[in-house]
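*Asks:* Supplied in structure tokens, the structure appears directly below.
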Amino acid sequence: MRHTRQVPNEAKKRRRAEPPAPQPYVQPELPDAHPRQSAFSYEVGTRLPGRHGRTGVIHTPHGDVKTPAFIVVGTKATVKALTPEQVAATGAQAMLANAYHLYLQPGHDLLDAAGGLGRFTNWQGPTYTDSGGFQVMSLGSGFKKVIDMNTVDSSGPDDAVAPGKERLANVDDDGVWFKSHINGDKHRFTPEVSMQVQHGIGADVMFAFDELTTLHNSRGYQEEALERTRRWAERCIQEHFRLTDEREGKDYQALFGVIQGAQFEDLRRKACQDLAAMPFDGFGLGGALEKENLGTIVGWCAEELPEDKPRHLLGISEPDDLFWAIENGADTFDCVSPTRVARNSAFYTDHGRFNLSGRRYKTDFTPLQEGCDCYSCLNYTRAYIHHLFKADELLSHTLISIHNIRFTVRLVDRAREAIEDGTFFELKDRVLADYYAGAGDPQGRD
């Protein structure tokens, strides 16, 4: 018998009609600010001498976030394999969910009826949602996006699609058509829809809808996409302010503009200048970045963006990336890697990343990391968690995820403390020398 996957009713209801013919773009007149924006603020603390790095505090309606900070990712309103209480015990201050996934299932209207993301999940701290733009344009085979995000070859066609992939999304100046990865239904995302979805989800921090480009895209296309993202940012602000007025009884939700521009300094600086002139509450630094230039690009942005607004670097968690980003002015970060690699038995230590699938761990009765204060390290051994993984027991995912989140959260906490006590550069040199000394073995070789 052939089995078919049941489609959530809410997803069926949100199918969109074909778009009307594109209309000429009319530059909107944006207000300087919204009266309710004072409910969200950023307070700068200690500055890193000679660099753009700093400590600070983000104030939200659901609590403060001390920065620099790692924001744990709960894509579908859950950090995979963990309860909110377990996540909080790692020291994570805030959680980020994904608007695309929650739009499709269970639906933003349901989260709104439940009182918002925090109440729906029983997460007690601040919450973030990204706009869904990355997933809309990349899941399955997004238009101009299903390619190697790390490639720097821009000589090929802009609309290249990875071999064996179906094109699931198409971008135009008004928005994006995409197919659901759940059932193939066709949907339409525009800046206005993204704002409506994120307001319904109810996170403390939202991100404006943007067009993600890759290092593969030509300079000409980067310029075209950057202008489209600027216009979408204006439309996001308009809809955000309209919804803020309409939803007067709800807590204020901050809106961050997203900086694109790939590896081009002039485009990054222009994007920062354009968005800094708009009444955003903060900024996200997005797009594909060459690892060796990450710190430089963050520095360009820090030089252009206002000092009194937070900067969130989307999608990083490797120790070297974190230190370079912090040094050059990024305040918060998010990434799925700590839990994603955990589900494949990889765990972090001060001396690199290792994989518990190796036979040598069968009789290793030490914790994942000596001296780690996480629940997993205080209570279990590598041998036990190795056994769980080999036996396909889901508890292995939970225990390694707890450790990896704690490792990453604590690493950023140590960087914050080091800025405050004047030892940041010593900490950076020591941590990176130990972590990348070559002892790590993510493949789990014996």
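Those letters in the sequence shown? Residues 1343 to 1788, by this note's numbering.
The beta carbon of each residue, even a glycine, is placed where N, CA and C say it ideally should be.
My assumption, with CB atoms under 8 Å, is that V1386 sits in contact with D1676. Please give the rounded CB distance.
*Replies:* Counting from one through the sequence shown, the residue named residue 1386 turns up at place 44. Counting from one through the sequence shown, the residue named residue 1676 turns up at place 334. Contact doesn't hold; Cβ gap of about 21 Å is too wide.
*Asks:* At what residues does the alpha helix (DSSP H) containing H1728 begin and finish?
*Replies:* Within the sequence shown, numbered from 1, the residue matching residue 1728 stands at position 386. Per DSSP, H1728 belongs to the alpha helix (DSSP H) from R1724 to K1732.
*Asks:* What residues are listed by DSSP as bridge partners for N1464?
*Replies:* Along the sequence shown, read from residue 1 onward, the residue named residue 1464 stands at position 122. Note: N1464 sits in no beta bridge, so no partner.
*Asks:* Anyone know if the C-beta pair for F1665 and P1373 falls short of 8 Å?
*Replies:* Residue mapping note: residue 1665 aligns to position 323 of the sequence shown, counting from 1. Residue mapping note: residue 1373 aligns to position 31 of the sequence shown, counting from 1. No, Cβ-Cβ distance for F1665 and P1373 is not below 8 Å.
*Asks:* Sorted by chain position, which residues of the same chain lie with C-beta nearer than 7 Å to T1432's C-beta, five sequence neighbours on each side aside?
*Replies:* Stepping through the sequence shown from its first residue, residue 1432 is reached at position 90. C1716, I1744, I1747, R1748 and V1751, listed in sequence order.
*Asks:* Look at the alpha carbon of M1343 and the alpha carbon of Y1384, and state the distance between them as a whole number of angstroms.
*Replies:* One-based indexing of the sequence shown puts residue 1343 at position 1. One-based indexing of the sequence shown puts residue 1384 at position 42. Its pLDDT being 42, under 50, M1343 is placed unreliably in this model, and the value from its coordinates should be taken loosely. For M1343 and Y1384, the distance between alpha carbons rounds to 58 Å.
*Asks:* State buried or exposed for T1740, treating a residue as buried only when at least 16 other CB atoms are found within 10 Å of its CB.
*Replies:* Along the sequence shown, read from residue 1 onward, the residue named residue 1740 stands at position 398. By the 10 Å Cβ count, T1740 comes out buried.
*Asks:* Grouping DSSP H, G and I as helix and E and B as strand, with all else coil, what is T1721?
*Replies:* Counted from its first residue, the sequence shown places residue 1721 at position 379. According to the sequence as given, residue 1721 is Asn; it is not Thr. In this structure, N1721 counts as helix in the three-state DSSP scheme.
*Asks:* Near R1378, what residues of its chain come up, given a Cβ to Cβ distance below 7 Å and the 5 sequence neighbours on each side ignored?
*Replies:* Locating residue 1378 in the sequence shown gives position 36, counting from the first residue. Excluding positions up to five away in sequence, the list reads T1586 and Y1594.
*Asks:* Short of 6 Å in beta carbon distance, which residues of its chain neighbour P1505, apart from the five on each side in sequence? Order them along the chain.
*Replies:* Translated into the one-based positions of the sequence shown, residue 1505 becomes position 163. At P1505, the pLDDT of 47 sits below 50, so the modelled position is not reliable; the number obtained from the coordinates is stated separately. Correct list: empty, nothing qualifies.
*Asks:* Within a Cβ cutoff of 6 Å, which residues of the same chain sit near M1491, ignoring the five residues on either side of it in sequence?
*Replies:* Along the sequence shown, one-based indexing puts residue 1491 at 149. Any reading at M1491 must be qualified, since the residue scores a pLDDT of 42, below 50, and its modelled position is unreliable; the value itself is stated next. So the qualifying residues of the chain are T1556 and A1630.
*Asks:* Please name the residue or residues paired with V1513 in a DSSP beta bridge.
*Replies:* The count along the sequence shown starts at 1 and reaches residue 1513 at position 171. Partner(s): V1518.
*Asks:* Taking the continuous alpha helix (DSSP H) assigned at T1674, which residues delimit it?
*Replies:* In the sequence shown, the residue the question calls residue 1674 occupies position 332. Here T1674 belongs to no alpha helix (DSSP H); instead the beta strand (DSSP E) covers T1674 to C1677.
*Asks:* With a CB to CB cut of under 6 Å and the five nearest residues on each side skipped, what residues in its chain are close to Y1690?
*Replies:* In the sequence shown, residue 1690 corresponds to position 348, counting from 1. Taken in chain order, the residues that qualify are N1746 and F1749.
*Asks:* For the alpha helix (DSSP H) that E1565 lies in, which residues bound it at each end?
*Replies:* Start at 1 with the first residue of the sequence shown, and residue 1565 comes out as number 223. That run of the alpha helix (DSSP H) goes R1561 to E1588.
*Asks:* For S1383, which residues does DSSP report across the bridge?
*Replies:* The residue you call residue 1383 lines up with position 41 of the sequence shown. Beta-bridge pairing links S1383 to H1401.
*Asks:* Quick check: F1625 and L1617, are their CB atoms within less than 8 Å of each other?
*Replies:* Counting from one through the sequence shown, the residue named residue 1625 turns up at place 283. Counting from one through the sequence shown, the residue named residue 1617 turns up at place 275. Contact: yes.
*Asks:* Residues in its own chain within less than 6 Å of L1438 by CB, not counting five upstream and five downstream?
*Replies:* Here residue 1438 corresponds to residue number 96 of the sequence shown, with the count starting at 1. Within the same chain, L1438 has close Cβ partners I1413, V1415, Y1470 and D1676.
*Asks:* If we require 4 or more residues per run, which alpha helix (DSSP H) segments fall completely within the stretch 1616-1647?
*Replies:* List check, alpha helix (DSSP H) in window: 1636-1646.
*Asks:* Count the C-beta pairs between the stretch 1534-1549 and the stretch 1559-1572 that are closer than 8 Å, then say yes if the count reaches three, no if not.
*Replies:* Flag = no, the stretch 1534-1549 and the stretch 1559-1572 do not touch.
*Asks:* So, does the stretch 1532-1547 touch the stretch 1437-1456, judging by three or more C-beta pairs under 8 Å?
*Replies:* Touching, yes, given that three or more Cβ pairs across the two stretches are closer than 8 Å.
*Asks:* Compute the Euclidean distance between the alpha carbons of G1467 and A1436, then round it to the nearest angstrom.
*Replies:* Numbered from its first residue, the sequence shown carries residue 1467 at position 125. Numbered from its first residue, the sequence shown carries residue 1436 at position 94. Computed Cα separation, rounded: 6 Å.
*Asks:* Using three-state DSSP, classify F1551 as helix, strand or coil.
*Replies:* Here residue 1551 refers to the residue found at position 209 of the sequence shown. DSSP places F1551 in coil when its eight states are reduced to three.
*Asks:* Look up F1531 in the DSSP assignment and say whether it is helix, strand or coil.
*Replies:* For the purposes of this step, residue 1531 is identified with residue 189 of the sequence shown, where counting begins at 1. Note: F1531 maps to strand in three-state DSSP.
*Asks:* Is it right to say K1507 is buried, meaning 16 or more other beta carbons lie within 10 angstroms of its own, or is it exposed?
*Replies:* By 1-based counting over the sequence shown, the position of residue 1507 is 165. Annotation note: pLDDT 45 at K1507 (below 50); position unreliable, no value reported.
*Asks:* Please name the residue or residues paired with H1654 in a DSSP beta bridge.
*Replies:* The residue you call residue 1654 lines up with position 312 of the sequence shown. BP columns for H1654 point to G1626 and T1674.
*Asks:* Of all the options G1526, E1590, A1575 and N1559, which has the alpha carbon lying nearest to the alpha carbon of Q1605?
*Replies:* As a working note, residue 1605 is residue 263 in the sequence shown. Cα-wise, what sits closest to Q1605 is N1559.
*Asks:* Name the DSSP bridge partner or partners of N1746?
*Replies:* As a position in the sequence shown, residue 1746 is number 404, starting the count at 1. Answer by DSSP bridge pairing: none, since N1746 is not bridged.
*Asks:* Quick check on the burial criterion: 16 or more other C-beta atoms within 10 angstroms. Buried or exposed for E1588?
*Replies:* Your numbering for residue 1588 matches position 246 in the sequence shown. When all chains shown are included, E1588 counts as exposed.
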